[in-house]
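A short write-up of the structure that comes next.
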Amino acid sequence: MPDTLELITAGQMPNNLQPFWMPFTANRSFKGEPRLVVGAEGMHYTAIDGRKILDGTAGLWCVNAGHGRKKITEAIQAQAGQLDYAPNFQLGHPLAFEFAARLASMLPGDLDHAFFTNSGSEAIDSALKIAIAYQRMIGQGTRQRLIGRERGYHGTGFGGISVGGIVKNRMFFGSLLNGVDHLPHTFDLSKQKFSRGMPDYGAHFADELERIVALHDASTVAAVIVEPVAGSTGVLIPPRGYLQRLREICDKHGILLIFDEVITGFGRLGAPFAADYFGVVPDLMTAAKGITNGAVPMGAVFVRKKIYDAFMQGPPEAIELFHGYTYSGHPLACAAGLATMDVYQEDGLFERAAGLAPYWEEALHGLKDAKHVIDVRNLGIIGGIELEPKPGAPGTRAFTAFRKAFAKGLLIRTTGDIIALSPPLIVEKAQIDQMVETIRAVLKEVE
Ligand SMILES: Cc1ncc(COP(=O)(O)O)c(C=O)c1O
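If you read the sequence shown in my numbering, its first letter stands for residue 1197, the second for the next number, and so on.
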């Protein structure tokens, strides 16, 4: 195996890692021991030293159809040659309309309009703005308050971190949006330990919304936003009946319900969206990541017909929503997205994920007695393995496991002392076994 110096000499390794300020990364530690990948195909990355790394996380929960899908690559290449860029402000290009219609045809209920963004974070901030503006459009302008949830992750815009519930993502950034409240998170280790799929305990956490409404009055509340399955804070599966109850309480009080489906969208649970899986239709839904299989940055907000219609008032020459991005509905993203939907459909990937979910569950729960493991959680093709934190050094066990797993040819993701898994939906049973056995072996080595 070539070492770092040999790789630099061969021109493969950048010889200066300093200028790139890496996101959500321990920069100094990384740059001292860089983990670089230079290629990807199917279920594997190729590391800079030539090793194959099994992708247990679909990149960052985005490459649902596996890496290097030819159809998607070719669609992007062809589009770049045909129309590299066109604005969608007072002008347009056919693919954006085609892609929005394609998505609308897949969405549950009457979610039937798409507002395009470039990331999940932008989708969240767009959804929050649309929700507040909608209330104003229907004569409910006092409804400005937003309700998020503890341990929620909604990207990194000011709106997203304000409704989000991760302390480190919030504490450095000032006073955030005002008028935000948080529901309690739904996780209770003592009552939900080693649940398979949805825990039976915890639907009552939704009732806290009644308490918040009673405190502020419904006439001040615009929207509630939750991830149907919370991913980034360590895979928190909603208790049975919880999302239904949230929906009922929102309906009772005229509050919009927003599902952040940035990770659950596009087959992760074995259904097109979590809304389909749980049988709960939100008023707005955010998506990103799997929308283009990760190949071109893109996000979207999907809204119910009543929301779009509420904006279509006044003189037809007037702009209805003062919001958008230079790259909203970028031609390359739309081309990638349309090809991605073809791949999902042609390969039956959502159904495949549903068929594989029981095997996934069984395999993951095989780690119940592995060293340090205090909980295993799963739903669809998502897994969470929680470790007992090392006394006085929380987070270090999982992070050591991450580094050791990478050295053994497996990419996992960690948050605190939780290992999160979300492989591409093309994963084979033997590769699931490989993930589980690698993690078991790695945990044995972790102090
Ligand atoms: C639920 C959820 N919402 C929003 C985001 C932010 O998406 P992005 O990183 O594309 O801005 C993420 C990213 O992981 C996410 O998991």
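For each residue, glycine too, the CB sits at the ideal point set by N, CA and C.
Query, Result
"Whole-angstrom distance between residue 1222 and residue 1639, CA atom to CA atom", "22 Å"
"Classification of residue 1565 by the beta-carbon crowding that lies within 10 angstroms, buried from 16 upward", "exposed"
"Separation of residue 1420 from residue 1249, as counted between CA atoms", "39 Å"
"Continuous beta strand (DSSP E) stretch holding residue 1357: start and end", "Per DSSP, residue 1357 belongs to no beta strand (DSSP E); it is in the alpha helix (DSSP H), 1354-1359."
"Residue interval of the alpha helix (DSSP H) (run including residue 1365)", "1363-1367"
"Residue 1349 Cβ short of 7 Å to ligand 1 heavy atom set", "yes"
"Contact check, residue 1159 vs residue 1347, beta carbons under 8 Å", "Beyond the ends of the chain as shown, which are 1197 and 1643, falls residue 1159; an answer cannot be given."
"Range of the contiguous beta strand (DSSP E) that encloses residue 1318", "No beta strand (DSSP E) holds residue 1318; the alpha helix (DSSP H) holding it covers 1316-1333."
"Alpha-carbon spacing of residue 1542 relative to residue 1428, whole angstroms", "30 Å"
"Bridge partners - residue 1311, DSSP secondary structure assignment", "1497"
"Which of helix, strand or coil DSSP assigns to residue 1542", "helix"
"Same chain, Cβ closer than 7 Å to residue 1521, five either side skipped, listed in chain order", "1313, 1314, 1318"
"Sufficient close CB pairs (3 or more, under 8 Å) joining the stretch 1435-1442 to the stretch 1394-1403", "yes"
"Residue environment, residue 1478, which counts as buried when at least 16 other CB atoms sit within 10 Å", "buried"
"Ordered list of beta strand (DSSP E) runs contained in the stretch 1516-1601, each at least 3 residues", "1569-1575, 1578-1583"
"Straight-line Cα distance separating residue 1358 from residue 1368", "12 Å"
"CA nearest to the CA of residue 1301, picked from 1384, 1594, 1537", "1537"
"Range of the contiguous alpha helix (DSSP H) that encloses residue 1272", "1266-1278"
"Alpha-carbon spacing of residue 1370 relative to residue 1354, whole angstroms", "10 Å"
"Beta-carbon proximity check, residue 1506 vs residue 1532, cutoff 8 Å", "no"
"Integer-rounded CB distance, given that residue 1485 should sit under 8 Å from residue 1316", "7 Å"
"Identified DSSP bridge partners for residue 1237", "1240"
"Residue 1256 beta carbon near ligand 1 (any heavy atom closer than 7 Å)", "yes"
"Coil, strand or helix - residue 1416 by DSSP", "helix"
"Which listed residue (1573, 1594, 1423) has its alpha carbon closest to that of residue 1344", "1423"
"Residue 1534 and residue 1298 closer than 8 Å at C-beta", "yes"
"Member of 1519, 1562, 1360, 1276 whose CA lies at the smallest distance from the CA of residue 1454", "1360"
"Cβ shell of residue 1476 (< 7 Å), same chain only, five flanking positions each side left out", "1439, 1440, 1443"
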